[in-house]
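According to this note's numbering, the sequence shown is numbered sequentially starting from 517. Cβ coordinates follow ideal geometry from the N, Cα and C atoms, glycine included. Structure record follows, encoded as structure tokens.
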Amino acid sequence: MGRRGDRCLNKRPLSCQNSAAFLLLLREGRKHDILSGHRLSWKEGAPDVKTREYQYDNLRFLLIALVVLGHLLEIAGEFPHKETLYAVIYSFHMPAFLFLSGMFARFDRSKWIFGMALPYLIFQWLYTAFVEKLGDPYVHVQFSRPYWILWYLFVLAVYTLLLPVYDVPSPVGRWLMVAASVALALLVGFDKSIDYQWSASRIIAFQPWFLLGYYFRRADGLRARWNGGGRTLRGIVLGLAAACCVVLEWLLLRQDVTAKMMLGAYGYEDLGYSWQVRGLIMCCSASVIFLLFAGLAPHLKRRIPVITVLGQNTLPIYLLHGFFFHLLRLKFPYLLAQPWQVLLVWVGLLLLLGNPVTGRVTSFLFGGGWHHLLQTRRGRGRSIAPGEKI
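Right, here's the structure in full:
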């Protein structure tokens, strides 16, 4: 801020203190959102949090990129292998994202209210109003029925409230919780009364992945044994997992499993499939998640230009790309007629919505940043020492 800013901080009048707190929040890019939680910087050499684990930023980028691509493929024109690519993406991308969210889950009342519940209510209204304005007569505001991509935010909010229930200290208890959640995920498909209302079906169907991620982050002994197993052993296990993944994906495609069957929102009778098929889908998801976190993640422990930054800004990509999706779907479907157009729109959306400026603004407005600023103004947040430069 320069000398003027330093004088302002040294004297510490209330107005300057508030301005300094606001600038500190924006410059550090502090994140108070559900998908990533750390400092942002477009520059490779910028200072960063010491505990930053770049492999998870890079995995976030991969997964959010697949989310956007999957949605674009849904409305794209026909081209060879489109349906195959679409089905493969849906076989693992949301379970993997929930696994990653579970790894970093913790309950914070302010974060839950201002970073989950309030954004859900706001975007539930924004999305339905936007789509209705574009000419879709079947869309109306229903807060009990999460609209489209907002199911993920709603489900994550529910899982976060359940963290005290999930927080079992013993390994045996944790495995029992996972086993019970898997059984419930398979059984819920028999209930025809559970559907999109309150995302009840998805809460149950995807619960195992959040639980596994939550427990994996806290399983220090398990990770230590894996890391100490030797390269040869790890290579053999990863090779077997890759082979299983290929075989399972092949079985899914061979049995004409559709993306709808992988959404966790439809019962078995509705789509004409069985609990064995859902079990096969879950096995496929598990094998890919193992490859991502045990095989790929250890090789991504560094900043990768652009990719790491985009991975630190998954919240705006998640929340905002749907507006472009519906605009393309209802007004400009011809812009996705060819594969090269899909690729161009895909990359453009990631760069537009995942840059640090969009990330900071989105996190400030919809990730609880403004609430953090209010706390700072009241003296409950970080205090700025006299002479500290902003």
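{"Asked": "Nearest candidate by alpha-carbon position, reference Gly631, set Tyr663, Gly705 and Leu672", "Found": "Leu672"}
{"Asked": "Every unbroken alpha helix (DSSP H) inside the segment 822-857 [4 residues or more]", "Found": "823-827 and 830-846"}
{"Asked": "His597 classed as buried or exposed, judged by whether at least 16 other C-beta atoms fall within 10 angstroms", "Found": "exposed"}
{"Asked": "Inter-stretch contact at 8 Å, needing at least 3 Cβ pairs: the segment 617-634 / the segment 721-729", "Found": "yes"}
{"Asked": "Length of the line joining the Cα atoms of Ser715 and His842", "Found": "21 Å"}
{"Asked": "Cβ shell of Phe732 (< 7 Å), same chain only, five flanking positions each side left out", "Found": "Met619"}
{"Asked": "Within 8 Å, strictly: CB atoms of Phe577 and Ile797", "Found": "no"}
{"Asked": "Exposed unless 16 or more other CB atoms sit within 10 angstroms - verdict on Thr892", "Found": "buried"}
{"Asked": "Straight-line gap, Lys627 to Ile665 (C-alpha atoms, nearest Å)", "Found": "20 Å"}
{"Asked": "C-alpha distance - Ala537 paired with Ile580, whole-angstrom precision", "Found": "Note that Ala537 scores a pLDDT of 48, beneath 50, so its modelled location is shaky; the value from the coordinates is reported in the next line. Each residue's alpha carbon lies about 31 Å from the other."}
{"Asked": "Nearest residue (CA-CA) to Thr676, options Ala695, Val647, Leu692 and Arg622", "Found": "Arg622"}
{"Asked": "Secondary structure, beta strand (DSSP E): runs of 3+ residues fully inside the segment 731-770", "Found": "none"}
{"Asked": "Contact set for Arg718: own chain, Cβ-Cβ below 7 Å, skip 5 residues either direction", "Found": "Trp667, Val671, Gly780 and Ala781"}
{"Asked": "Continuous alpha helix (DSSP H) stretch holding Gly885: start and end", "Found": "Gly885 to Arg893"}
{"Asked": "Under 8 Å between C-beta atoms of Leu808 and Ala612", "Found": "yes"}
{"Asked": "Residue ranges of each alpha helix (DSSP H) within the segment 600-665, 4 or longer", "Found": "609-619, 625-628 and 634-650"}
{"Asked": "Sufficient close CB pairs (3 or more, under 8 Å) joining the segment 804-819 to the segment 847-863", "Found": "no"}
{"Asked": "The segment 691-698 / the segment 643-653 touching (three or more Cβ pairs under 8 Å)", "Found": "no"}
{"Asked": "Asp772 burial status per 10 Å Cβ neighbour count (16 or more: buried)", "Found": "exposed"}
{"Asked": "For Val583 and Tyr602, the rounded distance between their alpha carbons", "Found": "10 Å"}
{"Asked": "First and last residue of the uninterrupted alpha helix (DSSP H) at Phe806", "Found": "Trp791 to Phe806"}
{"Asked": "DSSP three-state assignment for Leu589, whether helix, strand or coil", "Found": "helix"}
{"Asked": "Residue from Glu569, Leu575 and Leu589 whose Cα sits closest to the Cα of Leu859", "Found": "Leu589"}
{"Asked": "Three-pair Cβ contact test at 8 Å for the segment 701-714 versus the segment 750-763", "Found": "no"}
{"Asked": "Cα-Cα separation between Ala701 and Asn574, rounded to whole angstroms", "Found": "29 Å"}
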